[in-house]
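Counting from 10, one number per residue, gives the positions in the sequence shown under our numbering. Every residue, glycine too, gets a C-beta built ideally from N, C-alpha and C.
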Amino acid sequence: MTNKLPVPDPIAQQHSDQLLASIKQKIAAAGGKITFAEYMQHCLYLPGLGYYSAGSYKLGEQGDFTTAPEISPLFSQTLAHHIRDVFSQITPSNILEFGAGSGKMAVEILKELDQQSCLPEHYYIIEASADLFQRQKILVAEEIAHLRDRVIWLNELPKNFIGVILANEVCDAMPVHSLHFQNGEVKERYIGLENDQLQWCEDKLSQEELLSHANDIQTLIGDIEVITEVNLASQAWLASLSESLQLGAIFIIDYGYPKASYYHPQRSDGTLMCYYQHQGHSNPLILQGLQDITAHIDFTALAQIALDNGLDVDGFQSQADFLLAGGITELANRVQENDELSLFKQATEIKRLTLPSEMGETFKVLTLSRSLNHPLSKCQLADRRYNL
Ligand SMILES: C[S@@+](CC[C@H](N)C(=O)[O-])C[C@H]1O[C@@H](n2cnc3c(N)ncnc32)[C@H](O)[C@@H]1O
């Protein structure tokens with residue numbers, strides 16, 4: 010599948026070779042192998058060289074993949090209406106967005122909340138990529154200059170946060186461990202070197218924390234041979250969010266499944282995917298620093314972390330149901346009826362965001378909260394918590 014991928018230009022190839030050389034050094038320094046999670050971390054986030062850390066275009070039509078906020082402002086506007094529901098129950102109201110990408114979602118949410126006279130005191134952003142941080146700053150200054158003082162970039166989680174925390178397609182970009190189940194046994198998959206080429210190799214689990222996950226997965230798959238992923242980073246991330254959140258809600262939007270579907274014996278090759286210039290494939294050992302590497306989210310694991318840390322799990326919906334409950338069609342109706350081009354454009358965007366064959370079903374929204382007085386009723390439309 011990977012041999013039809015576009016060939017990088019010489020400058021991009023040079024960049025990739027530099028990252029690959031650095032990864033090889035790390036493998037040698039680690040005694041011959043690193044976990045796949047470490048490899049993925051280097052490929053995506055090694056300062057100056059990783060996919061997200063360096064300057065490639067990444068998001069949108071000219072990049073490698075498109076996310077919901079890039080497809081349509083209606084996504085962020087609808088999210089703003091869900092946020093407004095939380096704001097009606099809390100003061101002060103703040104937003105904290107993780108991994109804000111190009112910054113489009115932040116800009117559109119603030120525009121919509123401004124229009125609704127419901128602005129947050131602050132819109133905080135925590136961004137792992139220095140390159141995207143720069144782009145977000147520029148976009149905010151260009152698009153919402155009058156609100157720019159409200160947007161604050163943070164390097165760490167605030168203490169006793171009151172407000173709404175957002176993460177759209179962030180967890181899927183966190184490094185995962187790769188496990189191989191065979192004949193009732195589990196091995197971890199590492200990246201090593203053979204004749205100076207990257208190679209998959211297997212050994213015992215690198216961390217004790219993986220053991221309970223491996224036991225759960227083994228129970229679900231039985232004796233079937235399966236390669237799959239465990240995302241410890243997203244679980245640690247959510248535990249830290251829950252420590253920070255004093256009052257408010259968290260919306261986690263991403264592609265993924267409840268545990269039983271994630272670790273279903275039929276999904277025996279796992280969920281690891283790479284994206285290069287809008288072509289998806291499954292080989293992470295090429296195009297280092299030039300392609301995105303992702304894995305689907307186990308939403309049951311996140312919901313369990315939430316419960317273990319005293320958060321309420323308010324809803325688990327498909328993206329389509331979340332957007333419909335938030336009023337995406339009513340928001341679309343604000344376009345003038347005689348503006349046929351805009352009407353057509355919006356209809357196409359809504360289809361992409363909500364149709365089951367597009368993003369509507371693959372993407373899910375997990376809504377979590379702490380100490381709200383009333384349930385977030387719109388997050389319970391076609392609720393699927395029973396699946397978690
Ligand atoms: C797939 S992009 C999604 C961007 C944006 N949310 C969107 O929907 O267009 C993933 C984003 O998450 C960021 N990211 C990944 N891990 C992160 C972390 N632990 N903290 C903050 N940002 C993170 C990446 O740098 C990037 O901005």
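Minimum C-alpha distance to Pro-17 - residue among Ile-295, Tyr-264, Asn-318, Glu-218: Just measuring C-alpha positions, the residue of Ile-295, Tyr-264, Asn-318, Glu-218 sitting nearest Pro-17 is Ile-295.
Among Leu-311, Ala-176, Gly-108, nearest to Trp-162 - alpha-carbon criterion: Put simply, of Leu-311, Ala-176, Gly-108 the residue whose alpha carbon is nearest the alpha carbon of Trp-162 is Gly-108.
Alpha carbon of Ser-97 to alpha carbon of Gly-41, nearest angstrom: Approximately 55 Å, taken between the alpha carbons.
Length at least 4, wholly inside the region 299-387: the alpha helix (DSSP H) runs in chain order: 308-317, 328-334, 337-341, 349-363, all fully within the region 299-387.
Three-state class that DSSP yields for Glu-121 in the structure shown: Note: Glu-121 maps to helix in three-state DSSP.
Under the three-state DSSP convention, the category Cys-180 falls into: The answer is helix: DSSP assigns Cys-180 an H, G or I state.
Contact test: Thr-76 Cβ vs ligand 1 heavy atom, cutoff 8 Å: Within the cutoff, so yes.
Backbone secondary structure at Asn-224 - three-state DSSP: Judged by DSSP in its simplified three-state form, Asn-224 adopts helix.
Pick from Glu-194, Leu-250, Lys-268 that is closest to Val-235, judged by C-alpha positions: It is Glu-194 whose Cα lies nearest to the Cα of Val-235.
As assigned by DSSP and simplified to three states, the class of Tyr-54: Of the three classes helix, strand and coil, the one that applies to Tyr-54 here is helix, per DSSP.
Beta strand (DSSP E) segments (min. 3 residues) lying fully within the region 209-277: As far as the region 209-277 is concerned, its whole beta strand (DSSP E) runs of at least 3 residues are 235-239, 254-266.
Beta-carbon proximity check, Gln-328 vs Thr-371, cutoff 9 Å: A distance below 9 Å separates the beta carbons of Gln-328 and Thr-371.
Span separating the alpha-carbon of Gln-206 from that of Met-49: Cα atoms of Gln-206 and Met-49: separation of roughly 16 Å, rounded to the nearest angstrom.
Euclidean distance between Cα positions of Leu-29 and Gln-297: Taking the straight line from one Cα to the other gives about 6 Å.
Check: Leu-141 C-beta below 8 Å from any heavy atom of ligand 1: Answer for Leu-141: yes, Cβ within range of ligand 1.
CB of Leu-299 within 9 Å of CB of His-24, strictly: Yes. Within cutoff.
Buried or exposed (CB count within 10 angstroms, at least 16 for buried), Lys-168: Under this definition Lys-168 is an exposed residue.
Any 3 or more C-beta pairs closer than 8 Å across the region 245-256 and the region 351-365: The count of Cβ pairs closer than 8 Å, one atom from the region 245-256 and one from the region 351-365, stays below three, leaving the stretches out of contact.
Through-space distance from Phe-260 to Cys-127, alpha-carbon basis: For Cys-127 and Phe-260, the gap between their C-alpha atoms comes out near 18 Å.
Bridge-paired residues (DSSP) for Ile-134: For Ile-134, the beta-bridge partners assigned by DSSP are Glu-106, Trp-162.
Nonlocal neighbours in the same chain, by C-beta distance under 8 Å from Val-149, ignoring five residues either side: Answer for Val-149: Gly-112, Ala-115, Val-116, Leu-156, Arg-157, Val-160, listed in chain order.
Beta carbon of Ala-176 nearer than 9 Å to that of Glu-238: Contact flag unset, no.
Cβ-heavy atom distance, Phe-107 to ligand 1, below 8 Å: Checking the Cβ of Phe-107 against ligand 1 gives yes.
Identity of the residue in Glu-211, Val-374, Glu-178, Gly-324 nearest Thr-76 by Cα: The shortest C-alpha separation from Thr-76 is found at Glu-178.
CB-CB length for His-186 against Thr-44, believed under 8 Å: With a Cβ gap of about 6 Å, His-186 and Thr-44 count as contacting.
Heavy atom of ligand 1 within 8 Å of Ser-253 beta-carbon: Proximity of the beta carbon of Ser-253 to ligand 1 is not indicated: no heavy atom of the ligand is located closer than 8 Å.
For Asn-204 and Leu-256, the rounded distance between their alpha carbons: Roughly 54 Å separates the two Cα atoms.
Check: Val-344 C-beta below 8 Å from any heavy atom of ligand 1: Not so, every heavy atom of ligand 1 lies at least 8 Å from the Cβ.
Alpha-carbon to alpha-carbon, Asp-212 and Arg-198: Between Arg-198 and Asp-212, the C-alpha separation is close to 7 Å.
Per-residue burial, Asp-348 [other beta carbons within 10 Å of its own, 16 or more giving buried]: Counting other Cβ atoms within 10 Å of its Cβ, Asp-348 stays below 16 and is therefore classed as exposed.
Residue environment, Asp-301, which counts as buried when at least 16 other CB atoms sit within 10 Å: It counts as buried.
Ile-171 - DSSP class collapsed to helix/strand/coil: Of the three classes helix, strand and coil, the one that applies to Ile-171 here is strand, per DSSP.
Nearest candidate by alpha-carbon position, reference Ala-63, set Arg-144, Pro-293, Leu-332, Leu-381: Answer by Cα proximity: Arg-144.
Among Pro-384, Lys-33, Leu-397, the one whose alpha carbon lies nearest that of Asp-94: Taking only the C-alpha atoms, the option nearest Asp-94 is Pro-384.
Under the three-state DSSP convention, the category Thr-11 falls into: Note that Thr-11 scores a pLDDT of 47, beneath 50, so its modelled location is shaky; the value from the coordinates is reported in the next line. Three-state result, Thr-11: helix.
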